[in-house]
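Trainee:
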Amino acid sequence: MLTRNRLLAGTAALVALSLVGPAAAQAPIKIGELNSYKVFPAFLEPYKKGIELAVEEVNTAGGVLGRKIEVVSRDDNGNPGDAVRVAEELLSREGAAFLIGTFPSNVGLAVADFAKQRKVLFIAAEPLTDKIVWDQGNAYTFRLRTSTYMQTAMLIPDAVKLKKKRWAIVYPNYEYGQSATAAFKKLLKEKQPDVEFVAEQATPLGKIDAGAVAQALADAKPDAIFSSLFGPDLAKFVREGQTRGLFKGVEVFNLLAGEPEYLDPLKEESPDGWYVTGYPWSELKTPEHTKFLSAYQAKFKDYPRLGSVVGYATVMSAAEAIKKAGSLDQEKLVAAMKGLTLITPFGKIQYRPLDHQSTMGAYVGQIGVKDGKGYMKNWRFVDGKDALPSDADVQKMRPKN
Amino acid sequence: MTLASILIQLLNGLAAAASLFLVSAGLSLIFGVTRIVNFAHGSLYMLGLYGTYSLIQFFGRTPLGFWGAVVLAALAVGLVGILIEVLVLRRIYRAPELFQLLATFAVVLVIKDIALFTWGAEDLVGPRAPGLSTAVEIMGRRIPAYDLLLIAIGPVVLALLWLLLTRTRWGALVRAATQDREMVGALGVDQAKLFTSVFFVGSVLAGLGGALQIPREPANLELDLAIIADAFVVTVVGGLGSIGGAFLAAIIIGVAKAFCIGIGTVTWFGFEVSFSKLTLVVEFLIMALVLVVRPYGLLGKPQAAQRATEPAPRLQVPSWTFALVWLALLALVPLAADRYTTILLTDIVCFALFSVSLHFIMGPAGMVSFGHAAYFGIGAYAAGLLMKRFGLPMEAALLLAPLVAGLFAIVYGWFCVRLSGVYLAMLTLAFAQISWSVVFQWDSMTGGSNGVFGVWPSAWLADKTTYYYLALVLCGAGIVFLWRVLFSPFGYALRAGRDSPLRAEAIGIDLRGFQWAAFVLVGALAGLAGAVYAFSKGSISPSSISIAQSTDGLIMVLLGGVETLTGPVVGAAIFTWLRDVVARNTEFWRAVMGGVILLIVLLFPQGLVGGLKVLVARWREQRA
Amino acid sequence: MSQAILQVEGLHKAFGGVQAVADVSFAVSAGEMLALIGPNGAGKSTCFNMLNGQLTPDSGIVRLEGRDIVGLRPRVIWRLGVGRTFQITATFASLSVRENVQMALYSHAGRLRSLLSRFGAAFGREADALLDQVGMLDQAERTCGVLAYGDLKRVELAIALANQPRLLLMDEPTAGMAPKERVALMELTARLARARNIAVLFTEHDMDVVFTQADRIIVLDRGVLIAGGTPPEVRANPNVRAVYLGSAH
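Protein chains in written order, with this note's numbering: chain B, 1161 to 1561; chain W, 9 to 632; chain F, 18 to 266.
As structure tokens, this is what we get:
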């Protein structure tokens, strides 16, 4: 018995020792990045490349505050509990100056709340949820990406123009789909009071029964459809809907479907004429995008996806914030982020002091098919600041800090 | 719904049922004969899709290319199944029950990363079936011609399987083994060959199920877990080992989903009821209903009583000095280690109680739970909601949360203890999924898919080290309490009931009553673990009730060793620590994680602690 | 022989149209060893399982010391004083021999619901006394799972005696034992039964055991009682010879 106890006690000591990590190194400025790499690889692999490119550019240009930057990435497994733990690891063990990243809204919100508790700057890269800057907004959290509300609002003018009366809605059944649907219904109703929502399908994320859903929508005889599906759900819906003739004579609006991540897999079946938000990367001729595109293609021998832009712009925001703050003090960093402006591949953006939302815009257009591939046609850029509710409305939603 | 739309939704449901049936039939065969709960079956389905996609690229989109790819991919998946059986599972058939589940879980991780490495992260949309790419008009509605083919394939495969099972010697053996595994061993049949062949056939069915989906479903990396839960549900609803039952169940579930979608949103008495949202959980509702009414599924038969070939080993009374040494060491860690170590240990301590409570019910009490996260998650939500929505002080919320979890365990347990074996396990899963879906949907109360935020401890506990001590005290006390109970008359009665329900009843023990009480007890303590966890994170999300959380618990218990008391604690520590280390340092961390688990499985078929004990015993023998 | 402990009248049980037990009536008295014999499939086990509550008869009366026990659960019947051993032994394989007996003693005393006291602290002496009686005291520490079959049968007997039963139901108590052991076990049973005034009903394949140990024998064939009486009477019964002794045995 004694031997066994000794053995096990020894193991205990060893384990305890091995848990104690090395002290954080001093040289480069570390930025803690966490994301659900294995859960959403289609979006996050290009995102990671965007990060790498930005780090390289910042460091080639001499870094910030005379130091190089280093992004330390962690996989949060798509789980808020794990995310909070790795966030802590990044801060306390890696000595990260602050946090960036996250993808799904529940993880983003959990890390935002953690940042508030820990009094650390957090730049949410991808979560689309409106709550992260509004209902659940806090002093330490900023968000780069064009939010659900903003992207929905960008589609509204086209929807209103078509004067369709009977709308059917399909959305993935979780925060993003729910808020997109709520925002769309509210905004459209405001502009077009006689609109009727004739069917609403909430499908489990990644598990849509596309045939049945297409049929149910067709049964409602809509004039137009608003969808916020993406990924495999979108691909299945497009195929079933086309085979079943659901889209004949029906206008379809689909958030995000113009993003290469979700559009490219559709290939020759890309639904012609759909109104979407997205990223027509091959057609953008602005100098800031051309610069980004050629650097990206040179480095990775691949074209950028939207994720690449998000990853790139997030790191650039972080670097600019450090420069502007002139220090790694959290309060100074937060102060620097408020109203921070920088140039991204999508042009100039500003992190609004009002709600910490960036004014990054998005491209709105229609899907076309060319050479067996989908692309965005008739597109236009909508600046994010034009797709936000009034300041008074935002103030009402955002809790007083 | 009009008559036409009812008919079309019926056809949609039948088409959806086809692949589900193929996959489930394979799972049912494998389970029936080998008693292995094969988590990797969904991965085989996923490989079926990927394989078909690649083969069609290679052969071209001709009818021959398409169907050749489907058949070849299914056969190739069958070979993968053989590989899994021969390389991994065959070596651990003698391990304690369910240990193989751990191995198949590791295989899931490995296959997922292999698929990511081979086919990349982007969804691969397959071609339509040549010649069947258009729609057929039925009652003015268009239905894809390919769906009609799928509807026909289901019964054809059913008939072929039926012939195979009833008209061949192989089939007779499979049926005999499904009814009574030991009998087949006694008949002098080469079990290894039988198992391998069953794995091949089962895997081919999974592969075929996937291959046939290629015109309907983009190949992607989420398919494995998306199908596996449904396949288990179908298998259990149909009755384990019953192919006809699986067919029936697949149709019921496929059609039920299609009708939920078809009905859409209905207004009843001024309330809007969205049936389309029910698709989140409808299969689990059906399963719960079926199991409550028919404890062996629709067409299943009670299994022949398993003659205990190897009884569970005696439990050793934990040595209190040993426990104290550990507690003291753990209490000292924050003095020496950095802040993060303390936080990681807080996680480990919570999961240790979670896994010890799961071990209590599945080991000594003999009731395997696939849905233990229900109580962990309910505890977490109860703690958070009592504080945020009902304004209770954090301390009160923390202490009341286990009671709430216990209350749910009273209700769920009452139904569960009426079943046994895998049926019981699946009913616990059904309740967990139903709880999950309620939490997921009830935005106004639970925050829906986002969860609850700002669940931080009171000021005096806010410091991470202080909170760690709180977690250590509460979870440590929970663990010691459960261990203590195992050696009380109550705990002995549970072990007695696991060993021989017949004898227990014959000496006046109300076994169900005891099992029910055990359910409530571990439910409450898992709830405590969840509550402590919630306050350590500051937020709670539905993933704390998810299948993944339940699986984590199983992995921890099995990894450490179900036959020892300390096993679950060690399992929780190793698993949490491994995930932390592996996920940090490697890009393909899932494969590495799977590889490590496989290594442990093959080296220590009794689990880590069980294996360590064997090693220590051997070492002592040599010295003596 | 004194008063009847068990009285069975007109017991019927059919499984899906097959009459397993039809109109079976008999009685066992205190201190009496009654053997129930019959060829395989005669309905002995069905009969047994109706007596201790595992099966509910389609009709008929089962009285234990005058009280109707039809429809009661096995655990309730046990509390009324019926001990049981099984054709295939049923013991708690992961517990020690002593703990097996203690389990029955705890259950009898209604003390299993305690969560914090240590099992085994009580009834140690009583358990040892019972094990001594069946000759298993020297193996009290061993785990039941590793015992020889004959020893398990003895442990079962000790368990069955733990609640001071009025009636012992023993289904094939000597199956799987060596011939010498069989007689020894049943002699032991008979001795204990007489000393404690317990009624014993047992089924048995070994005719040596039956005819040397039973006070009375009843014979079941295809669910029907075809004979009953003392061993010499049964041996002489032509019906029995025809259906039973003439058969394989």
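Idealized CB from N, CA, C, for every residue including glycine.
What in chain W is Cβ-close to Glu-116/F, meaning under 8 Å?
Mentor: Reading the third sequence from its first residue, position 99 is the one you call residue 116/F. Those within 8 Å of Glu-116/F in chain W are Tyr-500.
Trainee: Identify which residue in Gly-246/F, Asp-225/F, Val-217/F has its Cα closest to the Cα of Glu-49/F.
Mentor: By 1-based counting over the third sequence, the position of residue 49/F is 32. The residue with the shortest Cα to Cα distance from Glu-49/F is Val-217/F.
Trainee: So with CB distances below 9 Å, who are the chain W contacts of Gln-1517/B?
Mentor: One-based indexing of the first sequence puts residue 1517/B at position 357. Residues of chain W passing the Cβ test: none, with the nearest at roughly 18 Å.
Trainee: DSSP three-state call for Glu-280/W: helix, strand or coil?
Mentor: The count along the second sequence starts at 1 and reaches residue 280/W at position 272. Strand.
Trainee: Over what stretch of residues does the alpha helix (DSSP H) that includes Trp-450/W continue unbroken?
Mentor: Position 442 of the second sequence, counting from 1, holds the residue named residue 450/W. Per DSSP, Trp-450/W belongs to no alpha helix (DSSP H) and is neither H nor E.
Trainee: Ordered along the chain, which non-local residues of its own chain (more than five positions away) have a Cβ less than 8 Å from that of Phe-292/W?
Mentor: Residue numbering aside, residue 292/W sits at position 284 when the second sequence is read from its first letter. If we look at Phe-292/W and ignore the five residues flanking it on each side, its Cβ neighbours are Val-241, Leu-437, Ala-438, Gln-441, Ile-442, Ser-445.
Trainee: Give the residues of chain W in contact with Met-120/F, contact being defined as C-beta atoms less than 9 Å apart.
Mentor: Position 103 of the third sequence, counting from 1, holds the residue named residue 120/F. The contacting residues are Pro-497, Tyr-500, Ala-501, Ala-504, Arg-511, Ala-512, Ile-515, Ile-517.
Trainee: Consult DSSP for Ala-1299/B and reduce its assignment to one of helix, strand or coil.
Mentor: By one-based count along the first sequence, residue 1299/B stands at place 139. Ala-1299/B falls in the coil class under three-state DSSP.
Trainee: Can you say whether Phe-1397/B is buried or exposed, counting buried as having 16 or more other CB atoms within 10 angstroms of its CB?
Mentor: Indexing the first sequence from 1 puts residue 1397/B at position 237. Classification for Phe-1397/B: buried.
Trainee: Tell me where the beta strand (DSSP E) around Arg-492/W begins and ends.
Mentor: By one-based count along the second sequence, residue 492/W stands at place 484. Looking at the DSSP string, Arg-492/W is not in any beta strand (DSSP E); the run it does join, the alpha helix (DSSP H), is 472–494.
Trainee: For His-125/F, go through chain W and note every residue whose CB falls closer than 9 Å to its CB, in chain order.
Mentor: As a working note, residue 125/F is residue 108 in the third sequence. Within chain W, the residues near His-125/F are Ile-515, Gly-516.
Trainee: Could you compute how far the alpha carbon of Thr-354/W sits from the alpha carbon of Arg-626/W?
Mentor: By 1-based counting over the second sequence, the position of residue 354/W is 346. By 1-based counting over the second sequence, the position of residue 626/W is 618. Taking the straight line from one Cα to the other gives about 35 Å.
Trainee: How is the beta strand (DSSP E) around Lys-30/F delimited, first residue to last?
Mentor: Along the third sequence, read from residue 1 onward, the residue named residue 30/F stands at position 13. 21–32 is the extent of the beta strand (DSSP E) around Lys-30/F.
Trainee: Whole angstroms is fine: what's the gap from Ala-21/F's alpha carbon to Ala-146/F's?
Mentor: Within the third sequence, residue 21/F is the residue found at index 4, counting from 1. Within the third sequence, residue 146/F is the residue found at index 129, counting from 1. Taking the straight line joining both Cα atoms gives about 28 Å.
Trainee: Would you call the segment 485–498 of chain W and the segment 123–132 of chain F touching, i.e. three or more CB-CB distances under 8 Å?
Mentor: Output reads yes: the segment 123–132 of chain F touches the segment 485–498 of chain W.
Trainee: Could you pull out every unbroken beta strand (DSSP E) segment of at least 3 residues lying fully inside the segment 1384–1421 of chain B, listed in chain order?
Mentor: Those beta strand (DSSP E) runs which fall completely within the segment 1384–1421 of chain B and span 3+ residues are 1384–1387, 1411–1418.
Trainee: Enumerate in chain order the residues of its own chain whose CB-to-CB distance from Glu-1335/B is below 6 Å, with the five nearest sequence positions on each side excluded.
Mentor: Reading the first sequence from its first residue, position 175 is the one you call residue 1335/B. Around Glu-1335/B: Ser-1265, Thr-1289.
Trainee: Please identify the residue among Leu-1394/B, Tyr-1456/B, Gly-1438/B, Gly-1525/B whose C-alpha is closest to the C-alpha of Arg-1305/B.
Mentor: Here residue 1305/B refers to the residue found at position 145 when the first sequence is read from its first residue. Here the closest residue by C-alpha is Gly-1438/B.
Trainee: Tell me whether the segment 146–165 of chain F and the segment 77–89 of chain F touch, counting them as touching only if at least three CB pairs, one residue from each stretch, are closer than 8 Å.
Mentor: With a cut-off of 8 Å, the segment 77–89 of chain F and the segment 146–165 of chain F do not count as touching, because too few Cβ pairs lie within range.
Trainee: Any C-beta of chain W sitting closer than 8 Å to the C-beta of Phe-136/F?
Mentor: Counted from its first residue, the third sequence places residue 136/F at position 119. Yes, because at least one Cβ of chain W sits closer than 8 Å to the Cβ of Phe-136/F.
Trainee: Please report how far the alpha carbon of Gly-59/W lies from the alpha carbon of Glu-230/W, in whole angstroms.
Mentor: Sequence index remark: in the second sequence, residue 59/W carries index 51 (1-based). Sequence index remark: in the second sequence, residue 230/W carries index 222 (1-based). Approximately 15 Å between the Cα atoms of the pair.
Trainee: Going along the segment 1447–1481 of chain B in order, which residues come within less than 7 Å of chain W, judged by CB to CB distance?
Mentor: Within the segment 1447–1481 of chain B, no residue qualifies.
Trainee: Reducing DSSP to helix, strand and coil, say where Val-165/W ends up.
Mentor: Indexing the second sequence from 1 puts residue 165/W at position 157. In the structure shown, Val-165/W sits in a helix (DSSP, three-state: H, G or I).
Trainee: Identify which residue in Gln-1277/B, Val-1373/B, Leu-1500/B has its Cα closest to the Cα of Ile-14/W.
Mentor: Within the second sequence, the letter at position 6 stands for residue 14/W. Measuring from the Cα of Ile-14/W, the nearest candidate turns out to be Val-1373/B.
Trainee: Asp-1432/B: which of Val-1529/B, Leu-1426/B, Ser-1388/B sits nearest, CA to CA?
Mentor: In the first sequence, the residue the question calls residue 1432/B occupies position 272. Of the candidates Val-1529/B, Leu-1426/B, Ser-1388/B, the one whose C-alpha sits nearest the C-alpha of Asp-1432/B is Val-1529/B.
Trainee: According to DSSP, is Val-79/W part of a helix, a strand, or is it coil?
Mentor: Taking the second sequence and counting its residues from 1, one reaches residue 79/W at position 71. Here Val-79/W sits in helix by DSSP.
Trainee: Rounded to whole angstroms, what's the CA-CA distance from Lys-1408/B to Pro-152/W? Just pull it up for me.
Mentor: Along the first sequence, one-based indexing puts residue 1408/B at 248. Along the second sequence, one-based indexing puts residue 152/W at 144. Straight-line Cα distance between these residues: approximately 16 Å.
Trainee: Any residues in the segment 1363–1389 of chain B with a beta carbon nearer than 7 Å to a beta carbon of chain A? Which ones, in chain order?
Mentor: Although the question refers to chain A, the structure presented lacks it and instead comprises the protein chains B, W and F.
Trainee: List the endpoints of the continuous alpha helix (DSSP H) containing Gln-1555/B.
Mentor: Stepping through the first sequence from its first residue, residue 1555/B is reached at position 395. Residues 1551–1557.
Trainee: What's the C-alpha gap between Ser-1307/B and Ala-1221/B?
Mentor: Walking along the first sequence from the start, residue 1307/B turns up at place 147. Walking along the first sequence from the start, residue 1221/B turns up at place 61. Taking the straight line joining both Cα atoms gives about 31 Å.
Trainee: Using only alpha-carbon positions, find the residue among Gly-603/W, Leu-11/W, Leu-562/W, Lys-120/W that is nearest to Phe-359/W.
Mentor: Counted from its first residue, the second sequence places residue 359/W at position 351. Ranking the options by Cα distance to Phe-359/W, first place goes to Leu-562/W.
Trainee: Is there at least one Cβ from chain F nearer than 8 Å to Pro-410/W's Cβ?
Mentor: Translated into positions along the second sequence, residue 410/W becomes position 402. No, no contact with chain F.
Trainee: Is there contact here, the segment 219–230 of chain F with the segment 194–202 of chain F, by at least three beta-carbon pairs under 8 Å?
Mentor: The segment 219–230 of chain F is in contact with the segment 194–202 of chain F.
Trainee: Rounded to whole angstroms, what is the Cα-Cα separation between Lys-621/W and Trp-585/W?
Mentor: Residue 621/W sits at position 613 when you count from the first residue of the second sequence. Residue 585/W sits at position 577 when you count from the first residue of the second sequence. Those two C-alpha atoms are separated by around 22 Å.
Trainee: Looking at chain B, which residues of the segment 133–158 of chain W have a Cβ within less than 8 Å of any of its Cβ atoms?
Mentor: Against chain B - using a Cβ distance shorter than 8 Å - the residues of the segment 133–158 of chain W are Val-133, Arg-136, Ser-141, Thr-142, Ala-143, Arg-149, Arg-150, Ile-151, Pro-152, Asp-155.
Trainee: On a Cα-Cα basis, can you pick out the residue from Ala-581/W, Phe-107/W, Val-118/W, Asp-238/W that is closest to Ser-36/W?
Mentor: Position 28 of the second sequence, counting from 1, holds the residue named residue 36/W. That would be Asp-238/W, whose Cα lies nearest to the Cα of Ser-36/W.
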